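A quick write-up on the structure given underneath.
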Ligand code: HEC
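In our numbering, the protein residues as written are 2 to 176.
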């Protein structure tokens, strides 16, 4: 394993640590050779397939260019949404309908060509499905080594439930 791969792995693990809302444990995470990401579940793979080509989708008015996100470990973020979300913006639809898909790129540096992580929200059977993946589709693990995918990813929900816009932070659908 090359040095750059080791430091990248440690960095990715630290993203997962810092993004989590649990502030009880302030110790540094132990270094480990274990992978920071695993193969995606069937459902996550389906969502990842739906997200292909997201770079040509619309962006939220509040995030038209890469912006520094304090909540996402000072990563530079850029967020795209599909047509179902675009229609909900026009029609002021809340809660968002099934099929709504939001893909947020998280870049380590503002000039990087590849995001370190994609954080994704997908509306399915009336609930958001949460996913934090690498650009190649592998799913990150949290500090308990549990994959960050599914409808009950506590780490994502703990912050996003503070939104009064069906868990979406970047847009007020009532405006
Ligand atoms: C510490 C709080 C926090 C945590 C934890 C968090 N988010 Fe967010 N998220 C935000 C904030 C604030 C924004 C809007 C500003 C920005 O993009 O940084 C946001 C924006 C987003 C967006 C763009 C749509 C929107 O809601 O505005 C997606 C998609 C997203 N987050 C996915 C996730 C996923 C998936 C997880 C879990 C792996 C997660 N987030 C964890 C705070 C958080």
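Every residue gets a Cβ at the ideal spot worked out from N, C-alpha and C, and that includes glycine. Note that this is a predicted model, so its numbers are computed, not measured.
How many Å lie between residue 52 and residue 45 at the Cα?
Each residue's alpha carbon lies about 10 Å from the other.
Give the range of the beta strand (DSSP E) segment to which residue 112 is assigned.
Element bounds for residue 112: n/a, residue is neither H nor E.
How long is the line joining the alpha carbons of residue 36 and residue 107, rounded to whole angstroms?
Rounded to the nearest angstrom, the two C-alpha atoms are 19 Å apart.
List the residues that DSSP assigns as beta-bridge partners of residue 140.
For residue 140, which the question treats as bridged, DSSP gives the partners 39 and 134.
How should residue 114 be labelled, buried or exposed, when 16 other C-beta atoms within 10 angstroms of its C-beta is the threshold for buried?
With fewer than 16 other beta carbons inside 10 angstroms of its own, residue 114 counts as exposed.
At a threshold of 7 Å, does residue 105 count as lining the ligand GDP (C-beta to nearest heavy atom)?
Absent from the structure shown: the ligand GDP. Ligands present: the ligand HEC.
Report yes if the C-beta of residue 80 is less than 7 Å from at least one heavy atom of the ligand HEC; otherwise report no.
Remark: the shortest separation between the CB of residue 80 and any heavy atom of the ligand HEC falls under 7 Å.
Is the beta carbon of residue 149 less than 8 Å from the beta carbon of residue 80?
Cβ atoms of residue 149 and residue 80: not closer than 8 Å.
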